[in-house]
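Asks: Heads up: the protein sequence lines correspond to chains A and B, in order. Residue numbering for the first sequence follows this note's numbering, beginning at 7 and increasing consecutively. Residue numbering for the second sequence follows this note's numbering, beginning at 517 and increasing consecutively. Yeah, the Cβ is synthetic: ideal placement off N, Cα and C, and Gly gets one too. Sharing a structure, written as structure tokens. Questions coming.
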Amino acid sequence: MIGRSLGLFGGLFVLILLVGWVLGAPFTSSRLVEAAAYALIALGLNIQWGYGGLFNFGIMGFLMLGGFAVTFISFPHDPAFWASDGPALLGRALLAFAAGALLVIGAQQSHRLGLRGAAKTVAVVLAWFVAYCVYRSQIDPAAAYIEATGNGFVGGLGLHPVLGWVFGGILAAGVAYVIGKICLGLRTDYLAIATIGISEIIRALIKNMDWLTRGTLTVSPIPWPVPLPQQYQAGGTDGQMSLLLARGGFLLLAVAVLGIALWLISRAYAGPWGRMMRAIRDNHIAAASMGKNVTGRQLEIFIFGSVLMGIGGAMLVSFVQIFDPSSYQPINHTFIIWVMVIVGGAGNNWGAVFGAVLIWILWVVSEPLARAVFDLVSYWSSSAGWGAIPDIESRSAQMRVFVLGLVITIALRFAPKGLIPETVRRDA
Amino acid sequence: MTELIFFINQVVIAGAVLGCIYALGAIGITLIFGILRFAHFAHSELMTSGAFIAFLLAAGFSAWGIVTPIPTGFVVLPIAMLLGALLALGIDKGFYAPLRKRGAKPVTLLIASIGVTLMVQGLIRLFFGAGSYSFFETEAKEVFRFDMSAIGSTRPLVFTEPQALMILVTAVSVIALHFFLTRSRLGKAMRAMADNADLAQVSGINTALVVRVTWVIAGALACMAGTMLALDVTLKPDLAFNIILPIFAAAIVGGLGQAYGAIAGGLLIGFAETLAVFNWTMVLRPLNAILPDWLQLPATLALVPTEYKLTVAFVILVVTLLVRPTGIFKGASS
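The structure is reproduced here in structure tokens:
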């Protein structure tokens with residue numbers, strides 16, 4: 007087993023070298039940083055799905071939360087906004103929100119006042135409606151005001167990006183707690199659909215709350231936690247070298263975060279906690295009858311996984327320096343992570359890391375590869391007199407999605423446990 | 517009365533059209549779930565490829581110079597549905613049947629269906645690019661306007677020919693499906709298998725045939741829904757990918773496994789989306805005359821802004837899962 011894993015990782019290393027040789031070192035170094043962030047996200051899914059058997063299809067939502075968090079924390083402070091009426095208006099909206107929340111909680115507790123059955127349902131629905139109207143009445147003018155003045159959004163806090171990554175994890179944890187409370191009682195396919203639905207709600211909110219996130223206008227440039235290539239260039243390093251140095255620095259930081267996460271969750275997996283998790287995954291009824299708190303543990307693991315996703319999403323946004331809510335798509339940000347974990351091997355952390363790097367490399371090289379193939383076929387067909395293939399550029403970009411689908415269907419058919427499967431240790 | 521006609525134009529017609537499309541998609545999803553016990557994500561791609569098949573056929577018709585009194589999209593629909601059903605059967609044979617034979621869990625089938633989604637999506641984009649197409653490039657989209665001044669409205673009642681045909685075709689196919697499920701031997705076998713697959717098998721029902729029939733019905737209805745959606749708006753490669761979640765919401769709200777629930781859920785979600793973004797000021801404007809000055813209606817008074825239209829379906833979905841996970845018609849429990 008170890009030999010096979012080493013062989014696969016060796017093959018991956020050769021593949022990376024090959025990609026670096028053909029497509030150039032600057033391109034490959036960028037992709038490697040992204041691959042490290044994706045590996046962190048895949049680890050997050052691996053604990054949710056591989057350890058806990060939870061079907062999270064809302065990864066895109068957590069990545070967006072992480073991206074928003076790092077934007078908000080690390081984007082430069084905007085004094086003009088803080089001097090305007092904006093904060094006061096937002097404060098009133100927050101008060102309205104709190105008042106609405108109190109109203110809803112009050113309605114939910116109305117059985118203490120003797121309201122029962124249909125009367126209570128009506129009270130709860132009415133409370134939700136009134137709370138929503140009160141909140142909208144305050145937030146709408148605040149949003150309109152902020153969007154009309156200054157930069158059109160609240161700006162950032164100007165803190166260190168690594169703090170933003172931490173905040174991304176915290177924000178994801180908070181949202182995961184709420185989602186987990188709502189959805190974790192559901193059966194697998196319902197959970198999948200519910201989480202997709204919630205991630206779409208998160209996307210709609212982040213995309214359209216222009217006052218907070220600047221929406222489709224995008225925020226950039228977001229600062230790096232390590233020196234930028236421009237700073238190396240100012241120090242006298244030449245173009246390509248400065249790119250490599252800066253990205254190398256980022257890669258080191260990303261790999262360090264990945265290493266810490268990997269170490270922590272491997273320790274947890276090997277301990278009693280991990281055994282309990284596998285017991286719950288394999289037979290939650292038996293685990294519950296042994297006195298394990300199944301819902302509580304599942305909520306725990308859902309939150310842990312989401313934290314890693316939030317941090318990974320924040321790292322990605324930090325690296326590309328732009329937060330563009332409309333660039334988030336379920337294919338690129340949810341399904342690809344699933345392919346990574348399934349191909350790599352659900353339940354095995356090294357498998358998840360391997361799958362993440364492999365699939366990300368495949369995803370980025372399938373476009374140039376498809377273009378080369380199309381060019382070849384086009385050359386051949388035009389010399390045979392059948393005419394060339396039109397629009398090779400846009401067509402080859404679409405091949406990535408096809409390759410992704412092909413890889414997952416082949417993996418499910420021929421290696422359903424993944425390339426580096428989970429090792430079940432049996433103590434004699 | 518102008519306000520009433522405006523309401524009908526904006527909400528009743530639009531909601532019914534959207535609801536019909538959701539319902540047709542949701543029936544397929546709910547039938548597949550009932551028989552095969554997995555959430556079939558690739559349904560969106562069955563819809564989109566069905567629409568592209570119909571588009572190619574319609575283009576062929578106009579190239580051969582065949583002129584039809586109703587939009588060509590509807591004329592080619594039976595042929596397209598047949599091809600869509602074959603496509604669904606082929607996908608099942610190629611991707612899901614081997615996994616089922618191995619005894620894979622429903623979750624694996626769900627992931628496989630996502631793989632199929634990605635592959636078909638990639639292929640469609642490979643051949644048709646990312647642009648959008650219209651069924652009405654060579655023929656005009658006929659718009660019916662009914663003068664409503666007789667009942668005191670300044671606005672006419674407006675709907676397009678495809679919209680009218682769409683509602684008609686949906687009604688006919690739903691009634692046909694109803695008779696199939698309740699009267700025919702095969703339909704009864706399908707319902708029996710949805711109730712209890714093992715019991716159906718031991719009582720001599722040909723389960724393999726039932727599975728095939730399920731795919732034929734689901735594929736044909738998905739093709740119909742996709743074509744109608746493309747006739748109403750425009751045809752593009754992510755046509756149905758974007759609405760697969762509202763369709764799932766419709767199937768769950770109606771109760772997974774319940775064909776009638778899917779219809780009810782589809783119409784419910786369609787109308788809810790339309791009503792949620794509807795600007796009530798347009799209808800309530802006459803009230804401004806009797807309301808005091810401080811209570812005049814604002815220019816827009818919609819429950820949610822238009823950008824959040826699709827979100828309405830997800831909110832309904834989450835609330836359903838919380839409050840009544842079996843859906844309106846008591847489908848499979850969560």
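Return the residue from the list A:Leu100, A:Phe308, A:Ala124 that minimises the CA-CA distance to A:Arg287.
Replies: Here the question's residue 287 of chain A lines up with position 281 in the first sequence. The option with the nearest alpha carbon to A:Arg287 is A:Phe308.
Asks: Look at B:Gly550 and B:Ala710 and say whether their C-beta atoms are less than 8 Å apart.
Replies: Locating residue 550 of chain B in the second sequence gives position 34, where the first residue counts as 1. Locating residue 710 of chain B in the second sequence gives position 194, where the first residue counts as 1. For B:Gly550 and B:Ala710, yes; Cβs fall inside 8 Å.
Asks: Can you tell me the Cα-Cα spacing of B:Gly606 and B:Asp748, whole angstroms?
Replies: Residue mapping note: residue 606 of chain B aligns to position 90 of the second sequence, counting from 1. Residue mapping note: residue 748 of chain B aligns to position 232 of the second sequence, counting from 1. For B:Gly606 and B:Asp748, the distance between alpha carbons rounds to 28 Å.
Asks: Looking only at its chain, what residues have a beta carbon closer than 8 Å to the beta carbon of A:Leu14, apart from the 5 residues adjacent to it on each side?
Replies: Taking the first sequence and counting its residues from 1, the one referred to as residue 14 of chain A is at position 8. Phe360, Leu425, Ile426.
Asks: B:Tyr824 versus chain A: which residues are under 9 Å apart at the beta carbon?
Replies: As a working mapping, residue 824 of chain B is identified with position 308 in the second sequence. The answer, in chain order, is Ile207, Ala210, Leu211, Asn214.
Asks: Below 9 Å on C-beta distance, what does A:Ala198 contact in chain B?
Replies: Here the question's residue 198 of chain A lines up with position 192 in the first sequence. Residues of chain B passing the Cβ test: Ala555, Phe557, Val623, Leu626.
Asks: Helix, strand or coil for B:Phe557? Go by DSSP, reduced to three states.
Replies: Stepping through the second sequence from its first residue, residue 557 of chain B is reached at position 41. It is coil, neither helix nor strand.
Asks: In terms of residue numbering, what span does the beta strand (DSSP E) encompassing B:Thr676 cover?
Replies: Within the second sequence, numbered from 1, the residue matching residue 676 of chain B stands at position 160. Looking at the DSSP string, the run of the beta strand (DSSP E) that includes B:Thr676 is 673-676.
Asks: Could you give the DSSP three-state label for A:Val359: helix, strand or coil?
Replies: Walking along the first sequence from the start, residue 359 of chain A turns up at place 353. Here A:Val359 sits in helix by DSSP.
Asks: DSSP three-state label for A:Phe4, please.
Replies: Absent from the model: residue 4 of chain A. The displayed extent of chain A is 7 to 434, so no value can be given.
Asks: Which partner residues does A:Gly162 have in the DSSP bridge list?
Replies: If you number the first sequence from 1, residue 162 of chain A lands on position 156. According to DSSP, which records beta bridges pairwise, A:Gly162 is partnered with A:His83.
Asks: Got a sec, what are the start and stop residues for the beta strand (DSSP E) B:Val659 sits in?
Replies: Stepping through the second sequence from its first residue, residue 659 of chain B is reached at position 143. Looking at the DSSP string, the run of the beta strand (DSSP E) that includes B:Val659 is 659-662.
Asks: Quick one, are the C-beta atoms of B:Phe830 and A:Ile207 less than 8 Å apart?
Replies: Taking the first residue of the second sequence as 1, we reach residue 830 of chain B at position 314. Taking the first residue of the first sequence as 1, we reach residue 207 of chain A at position 201. Yes, the Cβ-Cβ distance between B:Phe830 and A:Ile207 is below 8 Å.
Asks: In three-state DSSP terms, what is A:Val232?
Replies: Walking along the first sequence from the start, residue 232 of chain A turns up at place 226. Three-state DSSP puts A:Val232 in coil, outside helix and strand.
Asks: Between the region 385-400 of chain A and the region 95-105 of chain A, are three or more C-beta pairs nearer than 8 Å?
Replies: No, the region 385-400 of chain A does not touch the region 95-105 of chain A.
Asks: Which residues, in order along the region 304-316 of chain A, keep a beta-carbon less than 8 Å from a beta-carbon of chain B?
Replies: Those residues of the region 304-316 of chain A that come within reach of chain B (Cβ to Cβ, closer than 8 Å) do not exist; the list is empty.
Asks: Can you have a look at B:Ser850 and say buried or exposed, based on whether 16 or more other CB atoms are within 10 angstroms of its CB?
Replies: The residue you call residue 850 of chain B lines up with position 334 of the second sequence. Only weak support is given to the placement of B:Ser850: the predicted model assigns it a pLDDT of 42, under 50, and the value that follows is read from those uncertain coordinates. So B:Ser850 counts as buried.
Asks: Just tell me which of A:Phe33, A:Leu18, A:Phe19 has its CA closest to the CA of A:Gly252.
Replies: Residue numbering aside, residue 252 of chain A sits at position 246 when the first sequence is read from its first letter. Checking the sequence, you will find Ala at residue 252 of chain A rather than Gly. That would be A:Phe33, whose Cα lies nearest to the Cα of A:Ala252.
Asks: Check whether the region 65-81 of chain A and the region 400-418 of chain A are in contact - that is, three or more C-beta pairs closer than 8 Å.
Replies: Judged by Cβ distances under 8 Å, the region 65-81 of chain A makes no contact with the region 400-418 of chain A, as fewer than three pairs qualify.
Asks: What residues in its chain sit with their C-beta under 6 Å from that of A:Val263, if we drop five residues either side in the sequence?
Replies: Taking the first sequence and counting its residues from 1, one reaches residue 263 of chain A at position 257. Cβ neighbours of A:Val263 beyond the five flanking positions: none.
Asks: Drop a sphere of 10 angstroms on the beta-carbon of B:Thr588, count the other beta-carbons inside from all chains shown, and report buried for 16 or more, exposed for fewer.
Replies: Stepping through the second sequence from its first residue, residue 588 of chain B is reached at position 72. So B:Thr588 counts as buried.
Asks: Would you tell me roughly how many angstroms separate the C-alpha atoms of A:Ser387 and A:Gly30, rounded to the nearest one?
Replies: Within the first sequence, the letter at position 381 stands for residue 387 of chain A. Within the first sequence, the letter at position 24 stands for residue 30 of chain A. Going by the C-alpha atoms only, they are around 30 Å apart.
Asks: Can you tell me whether A:Ser332 is buried or exposed, with buried defined as 16 or more other CB within 10 angstroms of its CB?
Replies: As a working note, residue 332 of chain A is residue 326 in the first sequence. Classification of A:Ser332: exposed, given that the 10 Å Cβ count is below 16.
Asks: Taking C-alpha atoms, which residue in A:Ala99, A:Trp269, A:Ala48 lies nearest to A:Tyr141?
Replies: Within the first sequence, residue 141 of chain A is the residue found at index 135, counting from 1. Closest by alpha carbon: A:Ala99.
Asks: Helix, strand or coil for B:Phe830 per DSSP?
Replies: Here residue 830 of chain B refers to the residue found at position 314 of the second sequence. DSSP places B:Phe830 in helix when its eight states are reduced to three.
Asks: Classify A:Gln54: buried if its beta carbon has 16 or more other beta carbons within 10 angstroms, exposed otherwise.
Replies: Walking along the first sequence from the start, residue 54 of chain A turns up at place 48. Classification for A:Gln54: buried.
Asks: For the region 409-431 of chain A, list every residue whose C-beta sits within 9 Å of some C-beta in chain B, in sequence order.
Replies: Answer set for the region 409-431 of chain A: Val409, Leu410, Gly411, Leu412, Val413, Ile414, Thr415, Ile416, Ala417, Leu418, Arg419, Pro422.
Asks: Among A:Ser116, A:Trp230, A:Gly255, A:Gly241, which residue has its Cα nearest to the Cα of A:Val168?
Replies: Start at 1 with the first residue of the first sequence, and residue 168 of chain A comes out as number 162. Nearest of A:Ser116, A:Trp230, A:Gly255, A:Gly241 to A:Val168, Cα basis: A:Trp230.
Asks: By the 10 Å Cβ neighbour count, where 16 or more other Cβ atoms means buried, how is A:Leu119 classified, buried or exposed?
Replies: Here residue 119 of chain A corresponds to residue number 113 of the first sequence, with the count starting at 1. Exposed is the call here.
Asks: Let me make sure I understand the geometry here. Which of B:Thr564, B:Val591, B:Ala558, B:Thr518 has the alpha-carbon closest to that of B:Gly576?
Replies: On the second sequence, residue 576 of chain B is found 60 positions in, with the first residue counted as 1. When each option's Cα is compared against that of B:Gly576, the closest is B:Val591.
Asks: For B:Val828 and B:Val834, I'd like the C-alpha separation in whole angstroms.
Replies: Taking the second sequence and counting its residues from 1, one reaches residue 828 of chain B at position 312. Taking the second sequence and counting its residues from 1, one reaches residue 834 of chain B at position 318. Roughly 10 Å between the two C-alpha positions.
Asks: Determine the closest residue to B:Val604 out of B:Gly782, B:Ile545, B:Lys657, B:Leu573, with distance taken between C-alpha atoms.
Replies: Numbered from its first residue, the second sequence carries residue 604 of chain B at position 88. As written in the sequence, residue 604 of chain B is Ala, which differs from the Val given in the question. Checked all of B:Gly782, B:Ile545, B:Lys657, B:Leu573; the closest Cα to B:Ala604 is B:Ile545.
Asks: Roughly how many angstroms separate the alpha carbons of B:Ile721 and B:Ala713, rounded to a whole number?
Replies: Along the second sequence, one-based indexing puts residue 721 of chain B at 205. Along the second sequence, one-based indexing puts residue 713 of chain B at 197. Straight-line Cα distance between these residues: approximately 9 Å.
Asks: Output yes if chain A places a C-beta closer than 8 Å to the C-beta of B:Ile697; else output no.
Replies: On the second sequence, residue 697 of chain B is found 181 positions in, with the first residue counted as 1. The sequence shown places Leu at residue 697 of chain B, rather than the Ile named in the question. Closer than 8 Å: no.
Asks: Based on Cα-Cα distance, which residue from B:Thr518, B:Val769, B:Ile733, B:Glu655 lies nearest to B:Arg840?
Replies: As a first step, residue 840 of chain B must be located in the second sequence, where it is residue number 324. Of the listed residues, the one whose Cα sits closest to B:Arg840 is B:Val769.
Asks: Comparing the C-beta of A:Arg401 with each C-beta of chain B, is any distance below 8 Å?
Replies: Numbered from its first residue, the first sequence carries residue 401 of chain A at position 395. For A:Arg401, the answer is yes, since a Cβ of chain B falls inside 8 Å of its Cβ.
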